[in-house]
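Under the numbering used here, the letters of the sequence shown match residues 51 to 273, in that order.
Just so you know, even glycine gets a beta-carbon here, dropped at the ideal spot from N, CA and C.
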Amino acid sequence: MVDSKIDDIPLSFDAQAPEAMIKSASQFHDAIKTRRTVRDFSDEKFPRQVIEEALRVAGTAPSGANMQPWHFVVVENPAIKKEIRLAAEQEEREFYDRRASEEWLDALAPLGTDAEKPFLETAPYLIAIFSKKFSFDDEGGKQKNYYTSESVGIATGFLIAALHLAGVATLTHTPSPMKFLNKILGRPDSERPFLLLVTGYPKTDARVPNISRFPLEETTSFI
Ligand code: IYR
51 MVDSKIDDIP LSFDAQAPEA MIKSASQFHD AIKTRRTVRD FSDEKFPRQV
101 IEEALRVAGT APSGANMQPW HFVVVENPAI KKEIRLAAEQ EEREFYDRRA
151 SEEWLDALAP LGTDAEKPFL ETAPYLIAIF SKKFSFDDEG GKQKNYYTSE
201 SVGIATGFLI AALHLAGVAT LTHTPSPMKF LNKILGRPDS ERPFLLLVTG
251 YPKTDARVPN ISRFPLEETT SFI
């Protein structure tokens with residue numbers, strides 16, 4: 051049976067004058083453009099509420115049929131972080147020594163990454179992001195989700211932006227395959243690991259590759 055339509059309510063929307071719109075967009079650009087992927091983390095802790103609030107931001111993302119097909123596991127426990135590090139490094143060794151093509155390794159060479167992932171233990175919180183292929187309704191009925199990668203990708207973008215604005219550095223880490231996360235974190239097979247977000251303060255004097263972003267003209271056409 052098709053559910054009946056949900057009630058509608060008035061939209062809460064703050065319209066801005068054109069100049070204010072440009073200023074808001076530009077202020078957000080200024081705030082977000084300083085985000086860099088960090089690989090050297092300090093072990094300094096910060097309140098869990100920061101993570102909670104950023105996850106609330108992620109939860110506002112649009113999703114296919116509003117199914118909100120994501121699950122986040124925040125890992126603070128050192129023993130579990132260690133388990134994740136060991137499993138990730140095992141996959142990464144396979145990747146760097148065998149699975150990765152020469153072309154892929156060449157593309158990674160400028161970043162200087164390798165199979166060692168100490169940040170998985172150093173950083174105070176790891177956020178494992180899962181995408182849910184299915185959700186379950188109140189009666190336990192299985193419901194297929196749509197556009198899960200798009201939805202979870204957008205939510206992850208919101209999360210990274212919220213953490214950055216709150217002064218938290220992140221690393222989007224994708225050991226491949228990541229199935230070990232289901233086992234270590236006790237998540238069901240209906241959930242697929244999407245990525246592992248490493249969060250914390252950067253180490254003092256952390257350095258990042260000297261890279262730049264494409265200018266708008268290169269990525270965008272106006273017709
Ligand atoms: N997952 C590996 C390899 C890696 C792949 C890409 I694409 C990157 O931008 C960075 C790393 C690793 O984490 O080392």
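Could you compute how far the alpha carbon of A212 sits from the alpha carbon of F63? The alpha-carbon atoms of A212 and F63 are separated by roughly 20 Å.
Endpoints, the beta strand (DSSP E) within which L221 is located: L221 -> beta strand (DSSP E) spans 219–223.
Measure from the alpha carbon of L231 to the alpha carbon of each residue in E166, L170, G217, then state which is nearest. Considering only alpha carbons, the answer is L170.
On a CA-only basis, which of K132, D156, F244 is nearest S201? Give me that one, please. Among K132, D156, F244, the Cα nearest to that of S201 belongs to F244.
Could you work out which residue in Q118, L209, I179, H79 is closest to Q193 when comparing CA atoms only? The residue with the shortest Cα to Cα distance from Q193 is Q118.
Which of the three DSSP states, helix, strand or coil, is assigned to Y197? When DSSP states are grouped into helix, strand and coil, Y197 belongs to the coil group.
Please list the segments of the alpha helix (DSSP H) lying wholly inside the segment 125–188, counting only runs of 4 or more residues, in order along the chain. DSSP runs (the alpha helix (DSSP H)) wholly in the segment 125–188: 128–144, 152–158, 169–172.
Residue burial classification, M228 (beta-carbon count within 10 angstroms, cutoff 16): It is buried - the Cβ of M228 has at least 16 other Cβ atoms within 10 Å.
Since G114 contacts Y197 with CB under 8 Å, what's their CB separation in whole angstroms? Contact between G114 and Y197 holds, with the beta-carbon distance rounding to 3 Å and staying under 8 Å.
K192 - DSSP class collapsed to helix/strand/coil: Three-state DSSP puts K192 in a strand.
Who are E69's beta bridge partners in DSSP? Per DSSP, none; premise fails for E69.
Leaving out the 5 sequence neighbours to the left and right, which residues in its chain are closer than 8 Å to V125 when beta-carbon positions are compared? Cβ neighbours of V125 beyond the five flanking positions: K131, I134, Y175, L176, I177, A178, L235.
At which residues does the beta strand (DSSP E) containing T249 begin and terminate? Segment 241–250, the beta strand (DSSP E) holding T249.
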